[in-house]
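S.K.: Quick one: structure below, then a few questions.
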Amino acid sequence: MERVEVRQNVLKENDRIAAELRKDFERRGVLCLNIIASPGAGKTSLLEHTLQAFAGSRHKVAVLTGDIQTDRDAERLARFGFPARQITTGGTCHLDAAMVRRALADVSLDGADLLFIENVGNLVCPAAYDLGEAAKIVMLSVAEGDDKPLKYPSIFGRARLMLLHKVDLLPYTRFDLAAAKADARRVNPGIEIIETSCVGAPGLQAWLDWLERATGLKTGEWPPV
Amino acid sequence: MHELSIAQSLIESVRAEAAAHRGARVTRIGIRVGDLSGVQADALQFSFDVIVRGTDLERATLDIERVPLQQHCERCARDFAVIDYVLVCPDCGASTRTISGDELQMTYLELE
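So the sequence lines, in the order shown, correspond to chains A and B.
The first sequence begins at 1 in my numbering and counts up by one.
The second sequence begins at 1 in my numbering and counts up by one.
Right, here's the structure in full:
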């Protein structure tokens, strides 16, 4: 019997592809954001409103959207004049770097400064896979319950930004906004938090301002999480 | 349930490593799974068993070592074990960095 020490990441191949993607995004000056949330949290509608706001602006955006089945999200997102491509995982509960690389073969990043990757709706599995993004963004809608940051620490711990979404629904839920924020900061003291709504107040201005600032940062000015 | 994909990646790495040792038979695979890795040990074991069934790895044992989350506080210059995923320093409340507990790492192979 022979014992061989190995010491390698199980997701070594994913991490290798992700590192290549990250280098390519940096070279092109594209800010890549990996958006992670439960199904129904509002990822696609947030992106629809974001793309609408950016249509005709100085920003050139591209979107990859992951789902287990259907092209519906890409259809919804393609209406704003920016390239949008569906990644259908056929059962897999997360996106991996190889899926992103394959999808990017069909999406032009020429001149783009922002790439959104909408992950498969899931707060667990997407956390483990690096997609080459500059930052992971976790979205939590107030319809889901304020205990999620402590229940899903691996994603809340790795995200740069938490979007507390659908806050217009607060009067109809028992969601404790202060508790959700405090818990997110307990698992991730450096996390930034923005309240958003696609329907009522406070709208998406703070999110759009955050994107404006983030796309203005040069490589290296973006501090690690 | 991404443990199936993880088990698949693990087995690819095991096979690549075994091939580098002239196709020796793998009897034991060591893996470290951090508490913050997002991977559940039971689900990983189950996925592994399903994938290796009927293959040359069928009788290989998967040795899963769970790694508790350990953080380091720069300000207090000390390490602490994390309870309930609270990552701020229990003494001074500052942000801390992870020393261990976020890994998903193949550590060793036993071959014959």
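Glycine is no exception: its CB is placed at the ideal position from the N, C-alpha and C atoms.
These figures come from a predicted structure and were not determined experimentally.
Could you tell me which chain B residues have their CB closer than 9 Å to the CB of E13 of chain A, listed as they occur along the chain?
M.R.: S9, E12 and S13
S.K.: Expressed to the nearest angstrom, what Euclidean distance is found between the alpha-carbon atoms of M106 of chain B and A103 of chain A?
M.R.: Looking at the two C-alpha atoms, the distance is approximately 29 Å.
S.K.: Looking at L131 of chain A and R100 of chain A, is the spacing between their C-beta atoms short of 9 Å?
M.R.: Checking the sequence shown, residue 100 of chain A turns out to be Val, not Arg. Cβ distance < 9 Å, so V100 of chain A and L131 of chain A count as in contact.
S.K.: What residues match up with M106 of chain B in a beta bridge as DSSP calls it?
M.R.: According to DSSP, M106 of chain B bridges with A:Q8 and B:I31.
S.K.: CB G66 of chain A to CB L95 of chain A, shorter than 9 Å?
M.R.: yes
S.K.: Listed from N- to C-terminal order along the chain, which residues in the region 37-65 of chain B have their beta-carbon within a distance smaller than 8 Å of any beta-carbon of chain A?
M.R.: Going along the region 37-65 of chain B in chain order, one finds S37, G38 and V39 with a Cβ nearer than 8 Å to chain A.
S.K.: How is the beta strand (DSSP E) around S141 of chain A delimited, first residue to last?
M.R.: A135 to S141
S.K.: Under 8 Å by Cβ, that's how I've got S154 of chain A and A135 of chain A pegged, so tell me the actual separation to the nearest angstrom.
M.R.: That pair is no contact at about 16 Å.
S.K.: Mind checking the region 98-109 of chain B against chain A and listing, in chain order, the residues whose C-beta falls within less than 9 Å of any C-beta there?
M.R.: T98, D102, E103, L104, Q105, M106, T107, Y108 and L109
S.K.: Using a Cβ-Cβ distance cut-off of 9 Å, determine whether A97 of chain A contacts chain B.
M.R.: No, because no Cβ of chain B sits closer than 9 Å to the Cβ of A97 of chain A.
S.K.: Span of the alpha helix (DSSP H) holding E48 of chain A?
M.R.: K43 to F54
S.K.: In chain A, which residues lie less than 8 Å from I6 of chain B when you measure between Cβ atoms?
M.R.: V10, L11 and A128
S.K.: For a quick check, are the C-beta atoms of C125 of chain A and G38 of chain B less than 9 Å apart?
M.R.: yes
S.K.: In the DSSP assignment, find the beta strand (DSSP E) that holds A159 of chain A and state where it starts and stops.
M.R.: That residue, A159 of chain A, is in no beta strand (DSSP E); it is neither H nor E in DSSP.
S.K.: Can you find a C-beta in chain A that's less than 9 Å from the C-beta of A19 of chain B?
M.R.: Chain A, which has no Cβ nearer than 9 Å to the Cβ of A19 of chain B, makes this no.
S.K.: Under DSSP, the beta strand (DSSP E) around I99 of chain B begins and ends at which residues?
M.R.: R97 to S100
S.K.: Hey, out of A:E2, A:S57, A:L150 and A:I36, whose CA is closest to L208 of chain A's CA?
M.R.: A:S57
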